[in-house]
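Asks: These protein sequence lines are chains A and B, in that order.
Numbering-wise (our numbering), the first sequence opens with residue 1 and increments by one.
Numbering-wise (our numbering), the second sequence opens with residue 1001 and increments by one.
Sharing a structure, written as structure tokens. Questions coming.
Number of protein chains: 2
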Amino acid sequence: MPAPHTTSYHHGDLRRAVLGAALEVIASEGVAAISLRDLARRAEVSHAAPAHHFKDKAGLLTAIAIEGFDLLAAAVDAVPAEEPHRLRELGARYVEFALGHPAHFEVMFQPRLLHADAPELTAAKDRAYAALRAGIEDLPDARRTQDARRAGLAAWSLAHGFATLRLSGGAPELDPDPVTTFRTLVTPGGGERTAQALAEPPEGV
Amino acid sequence: MPAPHTTSYHHGDLRRAVLGAALEVIASEGVAAISLRDLARRAEVSHAAPAHHFKDKAGLLTAIAIEGFDLLAAAVDAVPAEEPHRLRELGARYVEFALGHPAHFEVMFQPRLLHADAPELTAAKDRAYAALRAGIEDLPDARRTQDARRAGLAAWSLAHGFATLRLSGGAPELDPDPVTTFRTLVTPGGGERTAQALAEPPEGV
DNA sequence: GTGGAAAGTAGGCATTGACAAGATCTGGTG
DNA sequence: CACCAGATCTTGTCAATGCCTACTTTCCAC
């Protein structure tokens, strides 16, 4: 590893530097504000240097998305199997990841900005989805519904929607910590039976 | 109203033409693919003409977002008060709107692309949110939870997340119609008690 | 009709993404 | 140690875009 900030011809770790700068810009100003030339300036290299590491602007964003899916997989993989409220915990980790890595999250679900068919991307996506599925399908028998896919989709939608709304400034901040808010949303008897209210059973008043 | 397609100096309704073209482009290629000059070409006017109607690129997107919030307000406003599964129906309408107006929906929740503090935008947003809130808070007493805000946030998150995942190609297509899928997610006894699975009550196996 | 505002045109400028061709460094191989 | 292939970075260029200013044409209210 060369000295980090000499005036050497080679940067040392330009790839990481550009990724880092990109994450900062996206987090503070959004993906639309990303410019390869600006990132090059921040890293103090020539305007074409980043292209040698990412090929494209889409390539850069693809790299971020890949990193994001791997981070997500790691985050939900850490949920212990013996956790009594495992599905709830899974959702909480999902929300925690989204709010903790807003730049990654913003890019991951915008396939039109990426090289959506890049093998490394689909691989990372598969790993993340596998980790999520594992957390759902490994529930003890009594907790499994007839159609686990729908339960999983519902849980995913809830966590994803909450995180998205929170990040876009839509959802109100009801607690000091957003993850706490999320937990109350899926915790019956935690003061309010929101899940039941959601289901709103048909049998009368 | 002048003749629509003569070679007259004035277009007739350039504003609407640009909006329409923009909606098409966004729906098929995403917001990132929007270019004022391209829209001008499609409308067969000079490259600077659209600016006289929207000021900015952000101004154009703001106009789309405003239209979107008004469409949303209209969509959820149509839910009859006597509807027995009103909250569920509210969510279904939300999802139906999102999937039926993907371009509007894509822009509405990306404030960084808009003139977020434009009075007309916040007004439209307020109208839409008021319509949504009305559908939640008007629930009959027995259906009301202690904290209606959390129930509303949960419902909103679920609908928003489902729509978002569906549009980004993340969620699997379990039924011919996505709205049908959404209904099953919030319908207990509709084959699976997904809502209960979500809540996953703590009391043992 | 006429004058001013609205609608549209024309040109220019800085910035950007992508590409091509060349310069420089690095690591391994003989 | 010499050397070379490839990775890394630079420089220059081109078309496209957003936005600005100045100008022209049309419409409408008085």
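The beta-carbon is built from N, C-alpha and C at its ideal position, and this holds for glycine as well.
If you scan the stretch 102 to 154 of chain A from start to end, which runs of the alpha helix (DSSP H) of 4 or more residues do you find wholly inside it?
Replies: Qualifying alpha helix (DSSP H) stretches, in chain order: 102 to 108, 119 to 137.
Asks: Tell me, please, whether the CB atom of F1069(B) is closer than 7 Å to any CB atom in chain A?
Replies: Judged by the 7 Å Cβ criterion, F1069(B) is not in contact with chain A.
Asks: Just how far apart, CA to CA, sit V1186(B) and A171(A)?
Replies: Going by the C-alpha atoms only, they are around 20 Å apart.
Asks: Is DSSP giving D1038(B) helix, strand or coil here?
Replies: Here D1038(B) sits in helix by DSSP.
Asks: Taking L174(A) as the query, report the chain B residues whose CB atoms sit under 9 Å from its CB, ordered along the chain.
Replies: Ordered by position in chain B, the residues that pass the 9 Å Cβ test against L174(A) are D1147, R1149, R1150, L1153.
Asks: On a Cα-Cα basis, can you pick out the residue from E29(A), P50(A), V25(A), S28(A) that is closest to G12(A)?
Replies: Out of E29(A), P50(A), V25(A), S28(A), P50(A) has the C-alpha closest to the C-alpha of G12(A).
Asks: Return the chain-ordered list of same chain residues with a C-beta closer than 8 Å to the C-beta of A58(A), the five sequence neighbours on each side being excluded.
Replies: L113, L114, H115.
Asks: Looking at chain B, is there any beta carbon in it that lies within less than 7 Å of the beta carbon of R112(A)?
Replies: Yes, because at least one Cβ of chain B sits closer than 7 Å to the Cβ of R112(A).
Asks: Could you give the distance in angstroms between the alpha-carbon of R1088(B) and the alpha-carbon of A21(A)?
Replies: Taking the straight line joining both Cα atoms gives about 43 Å.
Asks: With 9 Å as the C-beta to C-beta threshold (strictly closer), list the residues of the stretch 1024 to 1037 of chain B near chain A in chain order.
Replies: Taking 9 Å as the Cβ-Cβ cut-off against chain A, the residues of the stretch 1024 to 1037 of chain B that qualify are E1029, G1030, V1031, A1032, A1033.
Asks: What does H160(A) reach in chain B if we use C-beta pairs closer than 7 Å?
Replies: Near H160(A) (Cβ distances below 7 Å), the residues of chain B are G1161, T1164, L1165.
Asks: Compare the Cα-Cα distances from H208(A) to each of D56(A), G68(A), K125(A), T181(A) and report the closest residue.
Replies: There is simply no residue 208(A) to check, as chain A begins at 1 and stops at 205 in what is shown.
Asks: Does the separation of the CB atoms of A1163(B) and V1095(B) fall below 7 Å?
Replies: Going by C-beta atoms, A1163(B) is nearer than 7 Å to V1095(B).
Asks: May I ask you to report which of helix, strand or coil DSSP gives G1010(B)?
Replies: The amino acid at residue 1010(B) is misidentified as Gly; the sequence shows His. Residue state, collapsed to three classes: coil.
Asks: For F109(A), would you say it is in contact with chain B, using Cβ-to-Cβ distances shorter than 7 Å as the test?
Replies: Output row for F109(A): interface = yes.
Asks: Let me confirm a value: R41(A) is counted as buried when at least 16 other C-beta atoms fall within 10 Å, else exposed. Which label applies?
Replies: Flag for R41(A) reads exposed.
Asks: Could you give the uninterrupted runs of the alpha helix (DSSP H) lying entirely in the stretch 7 to 92 of chain A, keeping only those of 4 residues or more?
Replies: 14 to 29, 36 to 42, 51 to 54, 57 to 77, all fully within the stretch 7 to 92 of chain A.
Asks: Under 8 Å between beta-carbons, which chain B residues line up against A171(A)? List them in chain order, please.
Replies: Per Cβ cutoff of 8 Å: L1153, W1156, S1157.
Asks: Is there contact between the stretch 154 to 169 of chain A and the stretch 1153 to 1163 of chain B, where contact requires at least three CB pairs shorter than 8 Å?
Replies: Touching, yes.
Asks: So, at 6 Å on beta carbons, what are the nonlocal neighbours of L1036(B) in its own chain, with the 5 sequence-adjacent residues on each side left out?
Replies: Taken in chain order, the residues that qualify are P1050, K1057.
Asks: Closest to L72(A) by CA distance: which of T180(A), A155(A), R86(A), A131(A) is it?
Replies: Closest by alpha carbon: A131(A).
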